[in-house]
Each structure stands twice: as C-alpha cells, then as structure tokens.
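First residue of the sequence shown: 186, per the numbering used here; consecutive thereafter.
Just so you know, even glycine gets a beta-carbon here, dropped at the ideal spot from N, CA and C.
Every value quoted in this text rests on a predicted model; they were computed, and no experiment measured them.
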Amino acid sequence: MSSKKVFKTMDGNEAAAYIAYAFTELASIFPITPSSPMAEHVDEWAAHGRKNLFGTTVQVQEMQSEKGAAGAMHGALNTGSLTTTFTSSQGMMIMLSNMFKVTSELLPGVFHVASRTVATNGYTIFAGHDDVMAMRGTGISIMAESSVQEVMDLAAVVHATAISCRVPILNFFDGFRTSHEVQK
C-alpha cells in the first residue's frame, strides 16, 4: 500500500463543488457569476455518471432563476434529500424568503456562496461580504473560508454539520479571489 500523497491543482469553485458533490443527492442550480463554475462542475460530473459518497449520481435541476433554485431546494429538503445550491450576491438576495423557510424548518441544506459586493447601480466584480451579512437575520449558520485549501477542508465539515445537526448552513468565500484563485 502506497502512502504517497496525491495533490490536485484547482480553484475555490472546484474545491467547493468537489466536496458538495460528494455529500449531495440533489443540486438545484442557476448560474450567477462568480459562483457559476461550481454548478457547472456538478452538472458535468453528474452527466458523466460520477458517484457521490452514497454510491449514486447527483440529480441536477437547473432552474429558471435563483428564486426557483432556492424553492426547489426547499422542496427537496422537505422530502429528505440532501440538497445543495450555489449562488452569489444579487442571486442570494432573491433567495432570502426561501432561506427564512429552510432555516425555520431546520432543513439541512447547504448554500455555497462565492461572496460578492451587492451592486446598487449596476454590475460589480468586487469581493465583499455584504451579501452574506444580509442573510444573518434569517438565522442560518454561516461558515467562511479564506483560501482554496480551507474551502476543500471546511466544506466537508459544513456538509457533515448540516446533516448531523439538521441545520442549514451558508458556506462562503470571496468571489473572484478565492473562487478563482488556483492552489495545489
């Protein structure tokens, strides 16, 4: 048996998607920059029949909007499916009412967020945490990472905690910094 370590180079989005895929039965997705690559990775892996930790292929539902992704997540969680979604900034603002529902019902979903400043007069690509801070009032548990390695390590902790404690968790890292930073 070899004890040789295997290293893989990836960015924060791929690290979050890698762990999310392992712990997820259903992924409810809608692309929004800078979190789109997370959903794209999960969709690609599912299309190729990759298995999760439970030996099944993740079911991916691409919705018509962020609101639809959050609503589908809420419904799937109510049926007992381990469900994940990926979002950022304005998209997360649209999910707010569903976050209140998921949190008040103690449903163990995970929202992976590439955090970005909420634009008031147009589009912005700057990292910021105002989108995440707006969610504190929902009562959702929040976990933050500051490097690709932390995303890889702590995303697993987030999913395990959501499952074992039956609480939803918002897991975030800086959009365009950590989300697109490549590390080994």
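Does M195 come out as helix, strand or coil in the three-state DSSP assignment? strand
Determine contact between the region 206-217 and the region 258-270, defined as no fewer than three beta-carbon pairs at a distance below 8 Å. yes
Integer-rounded CB distance, given that L262 should sit under 8 Å from P216: About 21 Å; that fails the 8 Å criterion.
With distance defined between alpha-carbon atoms, name the residue in V342, F357, A340 and D338 nearest to M318. F357
Every unbroken beta strand (DSSP E) within the region 300-346, with a cutoff of 3 residues, ordered by chain: 326-329
At which residues does the beta strand (DSSP E) containing F357 begin and terminate? Looking at the DSSP string, the run of the beta strand (DSSP E) that includes F357 is I354 to D359.
Rounded C-alpha distance that separates S188 from W230: 27 Å
Which one of A345, V298 and G256 has the shortest CA to CA distance from P219? Closest option to P219, Cα to Cα, is V298.
Just curious, the beta strand (DSSP E) that T288 is in, first and last residue? Looking at the DSSP string, T288 is not in any beta strand (DSSP E); the run it does join, the alpha helix (DSSP H), is L281 to S289.
Can you find at least 3 beta carbon pairs, one from the region 319-328 and one from the region 347-357, that sit closer than 8 Å? yes
Taking only the alpha-carbon atoms, compute the straight-line gap between T302 and R362 and give it to the nearest angstrom. 12 Å
List the residues that DSSP assigns as beta-bridge partners of V213. Position check: residue 213 holds Ser in this sequence, whereas Val was assumed. S213 is bridged to Q246.
Between A340 and A200, how many whole angstroms is the CB-CB distance? I'm expecting something under 8 Å. 7 Å
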